Amino acid sequence: MKRLIDHGCTVENILGTADEKLGELIYPVSFWRNKVKYIKKTSDILQKEYDCDIPDTVEKLCKLPGVGPKMAHICMETAWDKVTGIGVDTHVHRISNRLRWVNTNTPEDTRKALEDWLPQELWSEVNLLLVGFGQQICGAVKPQCSTCLNKELCPFGKKYIKGEAKTKKTKSKK
1 MKRLIDHGCT
11 VENILGTADE
21 KLGELIYPVS
31 FWRNKVKYIK
41 KTSDILQKEY
51 DCDIPDTVEK
61 LCKLPGVGPK
71 MAHICMETAW
81 DKVTGIGVDT
91 HVHRISNRLR
101 WVNTNTPEDT
111 RKALEDWLPQ
121 ELWSEVNLLL
131 VGFGQQICGA
141 VKPQCSTCLN
151 KELCPFGKKY
161 IKGEAKTKKT
171 KSKK
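End of the sequence shown sits at 174 in the numbering used here; the numbers just go up one at a time, nothing left out.
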């Protein structure tokens, strides 16, 4: 994101940037090729329909290409200083289920369950805290349960240390 900001993160500048260059600026984000298309389409919409500004509701944000509830709620807080919901990605979803805060199958179901359970004043902190934790400690494939500070509190961690918990399988290299 820093490279994109340094390049000039305005609607006009993005529309004037070649797709290849935009890809270089956002790489190594996952699915960067698709995101380049979304960024370009969204920039065009923002220019034509929003006077180069960002929509101010979750509903309007979710109509933009590549924007779902997670990004819409994060955007509402970042751009408009409004906490409208919890941004739930794969990390927040996985950790919330491992801790048994929720018992859900999708990130959107996790968001709804967390919002029902957590006081609203904690909503803005959940994504930021759990995403980093999920990237560094509580990974999908090789969670670091034995060194995790929560291992005595976490139902999944207790089972994992005993060899009873299952994680996602890694793809075998041929």
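For each residue, glycine too, the CB sits at the ideal point set by N, CA and C. This structure is a prediction, so every number in the text was calculated from the model and none was measured.
In terms of Cβ geometry, Asn127 and Gly87 form a close pair [threshold 8 angstroms].
Your pair Gly85 and Glu115 checks out as a contact, with CB atoms roughly 6 angstroms apart and the cut at 8 angstroms.
Counting of Cβ neighbours within 10 angstroms places Tyr27 among the exposed residues, the total staying below 16. Scanning Arg94, Thr42, Asn150, Cys148 for the CA closest to the CA of Val11 turns up Thr42.
Around the beta carbon of Ser96, 16 or more other beta carbons sit within 10 angstroms, so the residue counts as buried. Exclusion of the five residues before and after Ala113 leaves Val102, Thr104 as the residues of its chain whose Cβ lies within less than 7 angstroms of its Cβ.
Between the alpha carbons of Asp53 and Ile45 lies a gap of roughly 10 angstroms.
Linking Lys142 to Phe156 through their CA atoms gives a straight-line distance of about 13 angstroms. In the structure shown, Ser30 falls within a coil segment according to DSSP collapsed to helix, strand and coil. Taking the CA atoms as reference points, Arg111 sits about 21 angstroms from Ile137. In the three-state DSSP reduction, Lys63 falls in the coil class, being neither helix nor strand. Arg3 sits exposed, since fewer than 16 C-beta atoms from the chains shown fall within 10 Å of its C-beta.
Using a 10 angstroms sphere on the CB of Gly134, the tally of other CB atoms reaches 16 or more, which defines it as buried.
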